[in-house]
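In our numbering, the protein residues as written are 15 to 561.
Report on the following structure.
Below is the structure:
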């Protein structure tokens, strides 16, 4: 039997729907109801300081003298300001979805890829849409796309046809602003799902135009952001529309990527090593400093390696280093030295001639001849990389193993993928970041599900720099704790009665004795009364009484 419980507390209200403390309201009330769904209140969810909000209730629990461990009862979903707890489609009451107009900002870099059969991330992306459809919601899809995603689907009509095949539903293209109240029913009589015009064609999208966002979200009840690749951008379709929708949620794919992103920042396993590819150390300096402060070692497998070699005073070709990156490289080396963590750099490189079409040659890092440029890592480099990673419990590979376009398959990336694939079988947690790295691992791996893969590397780099993602910040806030009600209450299926200002607890105790079919919770701010009430409650040994 479903229950709707709201507990009046200070200036806000905690609401529990189906035994989950997930939704917040501003109504000062205490209700105990049965067989009623929990209405979702969005505009009061923008809480920033969760500590003050939850301290009274949690403080009471922590004072219980018979050593109840609060950590076993409530798991903090997020304390890092960069990842505010947000409402997700997974936790939103499904009973609130039927007949609602739901706009899904889908990720075209995932859903419109040509190699869908290889994309694990595509599964959660299309499940968002299928889940909403099965729940009875009226779905409006919107996104931006270009030839890079899929050269065969450029017009709205071809994209609609393509999505119809993928989703096995009838998707029909329509114009922005077509969802006026009088035409909603008529629009959905023609299709299962509506697809709005390509956002790439509108400059207002990239300027986060309020008027454009209002027109885009006309008639929409619920907004679901499932476009993780644009989470670091301020767009009308991901940020602006949230001002005009009563509910704003993260879709399954967005939530899955966010979970993987948080995992990169956690120091939950050791040794933890970051394998860093790509170039442009200046732009990524803040992110690299963060990795150096968290990881137990760094391996550079891209052009940045030459900047680090130069900062260490080793001879490298001057054409491979940039003056503006010298300061950042030196600071990174200093951070590693202060923490006494190793930095592993390539020993040799497979190089191609800049002008002549002759076979590639292998040179040591300090002996690359003029007229040659690195195209891949050499064999000696992998002799060191493999044992360096062998004892790791956690690895993140971010950035491509790439130097210049050799016109051939990158053998080094495949070798690294083989090493990581072997390690994934030893319970080593491995994150793969970036489209090229993910593509290589998918091609090589025996079990792609053994990896955490995030294709949009730009979002990860921005997050590692310490920047809050606008697309994440625009979503509704969630209660920052995940509570196991089976551990909190002796029988969580029973209704909850709340006594605000419970005093010494004598009234609650008598009620708990006479009504075994109810749970009783006492709230009191007077410290002396709280201590006395806790003592009395403990001595009573009543299983349905909580203070």
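Beta carbons: idealized from backbone N, C-alpha and C, even for Gly.
Mind checking which residues open and close the alpha helix (DSSP H) that includes residue i?
i, result
"residue 542", "541 to 554"
"residue 321", "318 to 325"
"residue 402", "393 to 404"
"residue 278", "266 to 279"
"residue 523", "520 to 528"
"residue 566", "Outside the displayed range of the chain (15 to 561) lies residue 566, so it cannot be described from this structure."
"residue 230", "224 to 230"
"residue 429", "425 to 438"
Reducing DSSP to helix, strand and coil, say where residue i ends up.
i, result
"residue 119", "strand"
"residue 22", "Bear in mind that the predicted position of residue 22 carries a pLDDT of just 32, short of 50, making it unreliable; the figure below should be weighed with that in mind. Residue 22 falls in the strand class under three-state DSSP."
"residue 159", "coil"
"residue 256", "helix"
"residue 466", "strand"
"residue 336", "coil"
"residue 445", "strand"
"residue 176", "helix"
"residue 417", "coil"
"residue 188", "coil"
"residue 491", "strand"
"residue 149", "coil"
"residue 410", "strand"
"residue 214", "helix"
"residue 455", "helix"
"residue 240", "strand"
"residue 67", "Confidence is the limiting factor: at residue 67 the pLDDT is only 32, short of 50, which leaves the residue's position unreliable, though a coordinate-based value still follows. In this structure, residue 67 counts as helix in the three-state DSSP scheme."
"residue 100", "strand"
"residue 504", "coil"
"residue 330", "coil"
"residue 201", "helix"
"residue 352", "helix"
"residue 304", "helix"
"residue 484", "helix"
"residue 126", "coil"
"residue 141", "helix"
"residue 298", "helix"
"residue 220", "helix"
"residue 341", "helix"
What first and last residue would you give for the beta strand (DSSP E) that runs through residue i?
i, result
"residue 367", "362 to 367"
"residue 511", "510 to 514"
Going by DSSP, what residues sit across from residue i in a beta bridge?
i, result
"residue 375", "365"
"residue 314", "290"
"residue 387", "366"
"residue 559", "534"
"residue 247", "Looking at the DSSP assignment, residue 247 forms no beta bridge with any residue, so it has no partner."
"residue 261", "236"
"residue 208", "154, 186"
"residue 357", "312"
Looking only at its chain, what residues have a beta carbon closer than 6 Å to the beta carbon of residue i, apart from the 5 residues adjacent to it on each side?
i, result
"residue 339", "295, 296, 321"
"residue 114", "151, 235, 236"
"residue 556", "526"
"residue 319", "359, 360"
"residue 119", "156, 239, 241, 251, 252"
"residue 411", "289, 446, 451"
Apart from the five residues on each side of it in sequence, which residues of its chain come closer than 7 Å, Cβ to Cβ, to residue i?
i, result
"residue 271", "242, 468"
"residue 63", "With a pLDDT of 33 at residue 63, under the threshold of 50, the predicted position of this residue should be treated as unreliable, though the coordinate-derived value follows. Cβ within range, chain order: n/a, list empty."
"residue 380", "328, 329, 330"
"residue 111", "146, 149, 150, 151"
"residue 301", "475, 478, 479"
"residue 374", "364, 365, 366, 389"
"residue 343", "295, 321, 322, 324, 325"
"residue 253", "222, 484, 485, 488"
"residue 205", "184, 185, 186"
"residue 283", "407, 408, 443"
"residue 563", "Because the chain in this structure spans residues 15 to 561, residue 563 falls outside the shown range and cannot be described."
Quick one: residues in its chain with C-beta nearer than 8 Å to the C-beta of residue i, no 5 flanking neighbours on either side, listed in chain order?
i, result
"residue 104", "266, 269"
"residue 466", "274, 277, 443, 444, 445, 446"
"residue 159", "122, 126, 167, 168, 173, 212, 214"
"residue 116", "146, 151, 152, 153, 154, 234, 235, 236, 237, 238"
I'd like to know whether the C-beta of residue i is nearer than 8 Å to at least one C-beta of chain B.
i, result
"residue 286", "Structure shown: chain B not included; a single protein chain is present."
(message) Taking 8 Å as the cut-off, does the stretch 241 to 251 touch the stretch 364 to 372 (at least 3 CB pairs, one atom from each stretch)?
(response) no
(message) Is it the case that the stretch 504 to 514 contacts the stretch 323 to 340, given that we only count it when at least three CB pairs across the two stretches are under 8 Å?
(response) no
(message) Between the stretch 433 to 441 and the stretch 389 to 409, can you find at least three pairs of beta-carbon atoms closer than 8 Å?
(response) yes
(message) With three or more beta-carbon pairs closer than 8 Å as the criterion, would you say the stretch 276 to 291 touches the stretch 308 to 315?
(response) yes
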